[in-house]
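J.: Can you read through this structure? Questions will come right after.
2 protein chains.
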Amino acid sequence: METARVPGTPTIREVAALAQVSAMTVSRVLRGSPTVSQTNRERVEAAVKVLGYRPNAVARSLRQRHRTGTVGLIVTNLGNPFYAALALGIEAELAPQGRRVMLTNTAGDPASERDAVGDLASRQVEGIILVPAGPTQAYLAEELPGGPPVVMVGRPPSGIDADCVLVDDFGGAHAATNALLAAGHRRIGFLGNPPSVYTGSERYRGFCAALEEAGVPLPDDYVRRAQQDLASAEAAADQLLALPEPPTAIFCTNNRNTIGAYRALRRNQVVATISGFDDFELADVLTVPVTVVTYDAESLGRHAARLLAGRMAGGDVDQSTLPRRIVVPTTVVTHAALPSAGTASRGVRAEA
Amino acid sequence: METARVPGTPTIREVAALAQVSAMTVSRVLRGSPTVSQTNRERVEAAVKVLGYRPNAVARSLRQRHRTGTVGLIVTNLGNPFYAALALGIEAELAPQGRRVMLTNTAGDPASERDAVGDLASRQVEGIILVPAGPTQAYLAEELPGGPPVVMVGRPPSGIDADCVLVDDFGGAHAATNALLAAGHRRIGFLGNPPSVYTGSERYRGFCAALEEAGVPLPDDYVRRAQQDLASAEAAADQLLALPEPPTAIFCTNNRNTIGAYRALRRNQVVATISGFDDFELADVLTVPVTVVTYDAESLGRHAARLLAGRMAGGDVDQSTLPRRIVVPTTVVTHAALPSAGTASRGVRAEA
DNA sequence: CTGTTAGCGCTTTCAG
DNA sequence: CTGAAAGCGCTAACAG
Chain A
1 METARVPGTP TIREVAALAQ VSAMTVSRVL RGSPTVSQTN RERVEAAVKV LGYRPNAVAR
61 SLRQRHRTGT VGLIVTNLGN PFYAALALGI EAELAPQGRR VMLTNTAGDP ASERDAVGDL
121 ASRQVEGIIL VPAGPTQAYL AEELPGGPPV VMVGRPPSGI DADCVLVDDF GGAHAATNAL
181 LAAGHRRIGF LGNPPSVYTG SERYRGFCAA LEEAGVPLPD DYVRRAQQDL ASAEAAADQL
241 LALPEPPTAI FCTNNRNTIG AYRALRRNQV VATISGFDDF ELADVLTVPV TVVTYDAESL
301 GRHAARLLAG RMAGGDVDQS TLPRRIVVPT TVVTHAALPS AGTASRGVRA EA
Chain B
1 METARVPGTP TIREVAALAQ VSAMTVSRVL RGSPTVSQTN RERVEAAVKV LGYRPNAVAR
61 SLRQRHRTGT VGLIVTNLGN PFYAALALGI EAELAPQGRR VMLTNTAGDP ASERDAVGDL
121 ASRQVEGIIL VPAGPTQAYL AEELPGGPPV VMVGRPPSGI DADCVLVDDF GGAHAATNAL
181 LAAGHRRIGF LGNPPSVYTG SERYRGFCAA LEEAGVPLPD DYVRRAQQDL ASAEAAADQL
241 LALPEPPTAI FCTNNRNTIG AYRALRRNQV VATISGFDDF ELADVLTVPV TVVTYDAESL
301 GRHAARLLAG RMAGGDVDQS TLPRRIVVPT TVVTHAALPS AGTASRGVRA EA
């Protein structure tokens with residue numbers, strides 16, 4: 001049974017046999033150890049080439065106790081360009097470290113998130129970057145005792161300690177609302193996620209704070225909640241527009257809501273200023289003015305990867321270091337309306 | 001040295017010791033083998049719970065020779081919504097099979113693609129889904145002798161045999177061009193990728209075939225090439241519009257070109273019909289008519305994952321089966337222009 | 001139904 | 001500088 005091997009997958013022993021050295025010498029050459037004679041190094045390299053040998057990373061990981069060079073990424077919806085950009089940033093940061101990303105899409109299902117965490121831990125990932133789907137991550141405490149470090153993205157950890165990377169939700173909403181106020185708006189509606197969602201409540205807080213600072217009132221019926229889909233946002237915007245005194249501007253807490261609101265305006269043939277989180281392509285060619293809050297999702301991913309790298313095996317951060325938190329800044333971009341006589345520029349940027 | 005273990009990572013032996021059975025019995029229980037007595041099963045399950053034991057998938061993979069339950073995905077640009085949707089479809093198809101996706105972004109660099117293939121093979125992925133960056137994949141033959149099966153997406157394999165999933169590039173371009181002809185256009189310009197890119201040449205072929213069938217001439221200067229970025233597309237479109245007899249419609253082979261062409265029209269205050277591959281959000285609210293070719297990128301990913309599943313360990317396809325090819329159909333969607341008096345519908349679909 | 005033995009492919013450890 | 005022995009955590013193969 002000694003010779004019953006697949007021809008295409010040689011092992012280190014076969015390389016050793018061909019090179020007439022021990023497996024250890026081959027192992028040393030493969031890892032670039034300096035303690036190998038020039039002669040042996042060449043013999044081994046030749047044998048590797050002849051056999052088309054490729055080291056088995058799984059076997060290596062097993063022996064090296066958990067050094068798998070893999071990182072888990074759990075997102076709620078890869079179809080959202082925001083998460084795609086996040087994944088891109090993470091991959092770009094980790095690949096040069098020789099680490100690979102294992103991708104999981106939860107479709108917003110907390111149970112699926114929990115399963116994924118368990119499975120990734122089983123696969124010995126060295127760390128996990130998590131965009132949480134549910135309200136709490138307390139389960140991580142029992143799921144990962146002594147397991148891989150976790151970095152959370154987009155909302156702070158709840159029920160557990162972990163590093164995290166956040167967007168300046170409050171500041172961005174505050175700045176965008178200020179831009180609307182500066183443009184002379186006094187009747188400003190709000191279209192957003194339910195307050196149970198972290199980003200939704202933070203952005204609502206920023207919105208309210210700006211209004212309050214300006215002494216501008218916010219009638220109860222100017223506040224509408226919608227889900228993350230166009231239809232629900234359109235319906236909510238319709239309600240705003242149907243008010244006896246409709247708002248002259250609407251602030252939306254996410255991309256879907258912004259575009260839904262625009263469609264409602266267009267269908268009702270109303271001109272009002274649209275404002276919201278997340279820039280989008282063609283925002284500058286719409287028939288109403290658009291003011292958006294934007295930020296660099298790829299950079300968010302890079303930050304998350306760097307935080308994680310610090311916690312992983314070989315990282316620079318002491319495990320006793322307190323949870324770290326990075327807040328990524330936002331920028332307000334004002335797009336002129338298509339038929340407007342205003343500035344013709346594609347976008348006017350202002351620091352948040 | 002027997003007890004020098006990290007408390008948080010128990011092994012199967014510790015579970016066995018606690019349950020007072022052998023490691024094999026634990027292993028059997030974990031995998032749901034029916035040949036375990038009820039008593040022992042309960043003892044083991046209790047011990048697992050007490051210790052918080054989680055099987056080590058790396059050790060399992062090593063023993064089970066390559067059954068890692070991982071698949072490699074190599075794309076050129078995750079930031080492109082098309083690839084994000086592709087990844088989503090692949091993940092959705094593989095996750096229920098207990099397989100995880102290892103993601104790699106090549107940024108269009110063939111050398112990076114080759115490195116990624118080697119690394120993924122080293123990590124013992126059971127298969128690879130590849131959106132090729134370079135003109136040939138001949139290197140796979142020497143890189144993967146007896147290695148994991150590969151499925152290509154978006155363009156057919158070159159220099160090697162492999163299953164692949166393609167978009168009906170020819171048919172889509174043909175149908176879209178026919179739609180322009182049916183709308184009465186006789187001066188139709190072409191804005192596309194260099195013909196060295198598979199999709200570019202196929203779409204050009206479809207475009208030409210439709211014109212030829214209709215007996216409509218295609219002047220040389222009606223054909224312009226652009227890269228996959230807005231600036232280059234805008235410049236190329238400018239040239240088309242600057243012709244003595246400019247086209248009344250422009251067919252573009254990709255999303256970036258379509259939007260670039262639209263920006264050129266808008267800047268030059270010209271009304272012409274825009275047509276192109278890939279639908280995009282807000283296409284229906286532009287100031288000119290837009291006719292796009294669309295297809296389901298997520299479904300493309302699902303098809304790719306299914307083809308791969310057939311070739312992987314435990315798959316249903318004999319390895320001697322000839323390379324399979326799936327062509328995903330396209331749909332032509334006509335969006336009415338914003339100020340037009342035509343149909344008010346969001347989009348008129350027609351089978352390609 | 002259960003356990004023992006052996007070994008996946010590699011690297012740590014220690015002895016030359 | 002080199003190699004032999006042992007074993008990472010798990011499971012196939014066999015024997016009871």
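Protein chains in written order, with the UniProt record's numbering: chain A, 1 to 352; chain B, 1 to 352. For every residue, glycine included, the Cβ atom is placed at its ideal position computed from N, Cα and C. Keep in mind it's a predicted model, so treat the numbers as computed, not measured.
1) Does the count of Cβ pairs from the stretch 71-79 of chain B and the stretch 129-138 of chain B closer than 8 Å reach three?
2) Taking three-plus beta-carbon pairs below 8 Å as touching, is the stretch 279-286 of chain A in contact with the stretch 317-328 of chain A?
3) Check distances from the C-beta atoms of the stretch 50-70 of chain A to those of chain B and list, in chain order, the residues that come in under 7 Å.
4) Taking the alpha-carbon of residue 194/A as reference, which of 304/A, 224/A and 81/A has the nearest alpha-carbon?
5) Note down the Cα distance separating residue 45/B from residue 54/B, rounded to an integer number of angstroms.
6) If the cut is a Cβ gap below 8 Å, which residues of chain A does residue 81/B touch?
7) Using the beta-carbon of each residue, which ones in chain B are nearer than 8 Å to residue 102/A?
8) So that I know if they touch, is there some Cβ in chain A lying closer than 8 Å to that of residue 145/B?
9) For residue 253/B, I'd like the list of residues in its chain whose CB is within less than 6 Å of its CB, leaving aside the five on either flank, ordered along the chain.
10) Just curious, the alpha helix (DSSP H) that residue 332/B is in, first and last residue?
11) Identify the continuous alpha helix (DSSP H) that holds residue 296/B and give its terminal residues.
12) Within 10 Å of its beta-carbon, does residue 219/B have 16 or more other beta-carbons around it, so buried, or fewer, so exposed?
13) Can you pull the chain B neighbours of residue 276/A, defined as C-beta to C-beta under 9 Å?
14) Taking 8 Å as the threshold (C-beta atoms), are residue 78/B and residue 87/B in contact?
15) With distances taken between CB atoms, is the gap from residue 272/B to residue 97/B smaller than 8 Å?
16) Would you mind telling me which residues of chain B sit closer than 7 Å to residue 9/A, beta carbon to beta carbon, in chain order?
17) Taking Cβ positions only, does residue 281/A come closer than 8 Å to chain B?
18) If distances are taken between C-alpha atoms only, which option among 170/B, 152/B and 169/B comes closest to residue 163/B?
19) Check whether the stretch 159-173 of chain A and the stretch 109-125 of chain A are in contact - that is, three or more C-beta pairs closer than 8 Å.
20) Quick one: list the residues of chain B neighbouring residue 124/A, beta-carbon separation under 8 Å, in chain order.
21) In chain order, what are the residue ranges of uninterrupted alpha helix (DSSP H) at least 4 long that sit wholly in the UniProt domain "HTH lacI-type" (10-64) of chain A?
22) Assign residue 155/B to one of three DSSP states: helix, strand, or coil.
23) Report the three-state DSSP secondary structure of residue 233/A (helix, strand or coil).
24) Return the Cβ separation of residue 92/A and residue 302/A in integer angstroms, given the expectation that the two are a contact with Cβ distance under 8 Å.
25) Please name the residue in 196/A, 263/A and 175/A whose C-alpha comes closest to that of residue 294/A.
26) Ordered along the chain, which non-local residues of its own chain (more than five positions away) have a Cβ less than 7 Å from that of residue 161/A?
27) Taking only the alpha-carbon atoms, compute the straight-line gap between residue 48/B and residue 156/A and give it to the nearest angstrom.
28) Kindly say whether residue 233/B, judged by its beta-carbon, lies nearer than 8 Å to any beta-carbon of chain A.
29) Excluding the 5 residues flanking residue 259/A on each side, which residues of the same chain have their C-beta closer than 8 Å to its C-beta?
T.: Taking the coordinates as given:
1) Put simply, the stretch 71-79 of chain B touches the stretch 129-138 of chain B. At least three CB pairs are less than 8 Å apart.
2) No, because fewer than three Cβ pairs between the stretch 279-286 of chain A and the stretch 317-328 of chain A fall closer than 8 Å, the two stretches do not touch.
3) In summary, the residues of the stretch 50-70 of chain A whose CB is separated from some CB of chain B by less than 7 Å are 52, 54, 55, 56, 57, 58, 59, 61, 62 and 68, in the order they occur in the chain.
4) The closest CA to that of residue 194/A, considering only 304/A, 224/A and 81/A, is found on 224/A.
5) One Cα belongs to residue 45/B, the other to residue 54/B, and the distance between them is close to 12 Å.
6) In chain order: 79, 81 and 84.
7) Result: 70, 100, 101, 102 and 103.
8) Yes, contact with chain A.
9) For residue 253/B, where only same-chain residues beyond five positions count, the Cβ hits under 6 Å are 192, 193, 200, 203 and 277.
10) Judged by DSSP secondary structure, residue 332/B falls outside any alpha helix (DSSP H) and instead within the beta strand (DSSP E) spanning 331-335.
11) In this chain, residue 296/B is not harboured by any alpha helix (DSSP H), its DSSP state being neither H nor E.
12) Under this definition residue 219/B is an exposed residue.
13) Neighbours of residue 276/A on chain B: none; closest Cβ ~14 Å, over 9 Å.
14) Judged by beta-carbon spacing, residue 78/B lies within the 8 Å limit of residue 87/B, meaning their Cβ atoms are closer than that value.
15) Going by C-beta atoms, residue 272/B is not nearer than 8 Å to residue 97/B.
16) Near residue 9/A (Cβ distances below 7 Å), the residues of chain B are 146.
17) Closer than 8 Å: yes.
18) Ranking 170/B, 152/B and 169/B by Cα distance to residue 163/B puts 152/B first.
19) Verdict: no, contact absent.
20) In chain order, 56, 57 and 58 make up the part of chain B whose C-beta sits under 8 Å from the C-beta of residue 124/A.
21) Fully enclosed alpha helix (DSSP H) runs of 4 or longer: 12-19, 23-30, 38-51 and 57-63.
22) In this structure, residue 155/B counts as coil in the three-state DSSP scheme.
23) When secondary structure is reduced to three states using DSSP, residue 233/A falls in the helix class.
24) For residue 92/A against residue 302/A, the beta-carbon gap comes to about 7 Å, under 8 Å, which counts as contact.
25) When only C-alpha atoms are compared, the closest one is 175/A.
26) Apart from the 5 residues on each side of it in sequence, residue 161/A sits with its Cβ closer than 7 Å to the Cβ of 323 in its chain, given in chain order.
27) Distance between residue 48/B and residue 156/A, taken at the CA atoms: about 32 Å.
28) No, because no Cβ of chain A sits closer than 8 Å to the Cβ of residue 233/B.
29) Same-chain partners within the cutoff: 230, 233 and 280.
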